[in-house]
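First residue of the sequence shown: 887, per the working numbering; consecutive thereafter.
We treat Cβ as the ideally placed atom computed from N, Cα and C, and that holds for glycine.
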Amino acid sequence: MDGDPGNPAVGVFDSHELVARCLGNLELAERVLAKFRSRFVEDLAELEQAALAEDASHVAIVAHRLKGSSASTAAHALCERAAEIETLARRNAIAEIPSRLHGLRSEWARFVEKAAPPGLFARHGQ
């Protein structure tokens, strides 16, 4: 698992954990990952719009959704970043959210790089 600069214990993406969550079914893990990738992009856009509108309630809802989907997909650093945004939104600290969104986008880029290699799950064996 790769370390997050802010917290070495938090990794970008743990493919072994995702496969384990899918009970060893590599095809299912690939489908879960593909769905996560497409949905995350949509949710990130929605989160950014809510932040621009300074809608703390909606930011909290979308950040919570991102936190849950990231955790389920073993994207731990994304989960941590989304949790930070959710906490800020629930405290109505809307002015602090744009900088956290930048961190979330950066973490997303790291995730895409880590989780994108062709045959990612091939090394897990069948």
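- Message: Buried or exposed, going by whether 16 or more other CB atoms sit within 10 Å of the CB of VAL927?
- Response: Within the sequence shown, numbered from 1, the residue matching residue 927 stands at position 41. Exposed, since its Cβ has fewer than 16 Cβ neighbours within 10 Å.
- Query: What's the gap between the Cα of GLU1018 and the Cα of VAL898?
  - Reply: As shown, the chain starts at 887 and ends at 1012. That puts residue 1018 outside it, with no answer to give.
- Query: On the premise that GLU903 lies in contact with ALA960, defined as a C-beta separation below 8 Å, what is that separation, rounded to the nearest angstrom?
  - Reply: By 1-based counting over the sequence shown, the position of residue 960 is 74. By 1-based counting over the sequence shown, the position of residue 903 is 17. Indeed they touch by this definition, with Cβ atoms about 4 Å apart.
- Query: When you compare only the Cα positions, how much space is there between GLY889 and ASP900?
  - Reply: Stepping through the sequence shown from its first residue, residue 889 is reached at position 3. Stepping through the sequence shown from its first residue, residue 900 is reached at position 14. Caution is warranted here: a pLDDT of 40 is assigned to GLY889, below 50, making its placement in the model unreliable, and no coordinate value can be reported.
- Query: Would DSSP call VAL998 helix, strand or coil?
  - Reply: Locating residue 998 in the sequence shown gives position 112, counting from the first residue. VAL998: helix per DSSP, three-state reduction.
- Item | Residue closest to ASP941, alpha-carbon to alpha-carbon, out of VAL905, ARG907, ALA979 and ARG951 | By one-based count along the sequence shown, residue 941 stands at place 55. Of the listed residues, the one whose Cα sits closest to ASP941 is ALA979.
- Local Cβ density within 10 Å of SER943, reported as buried at 16 or more and exposed below that: If you number the sequence shown from 1, residue 943 lands on position 57. Counting the other Cβ atoms within 10 Å of the Cβ of SER943 gives fewer than 16, which makes it exposed.
- In three-state terms, what does DSSP make of THR959? Residue 959 sits at position 73 when you count from the first residue of the sequence shown. Reduced to three states, the DSSP call for THR959 is coil.
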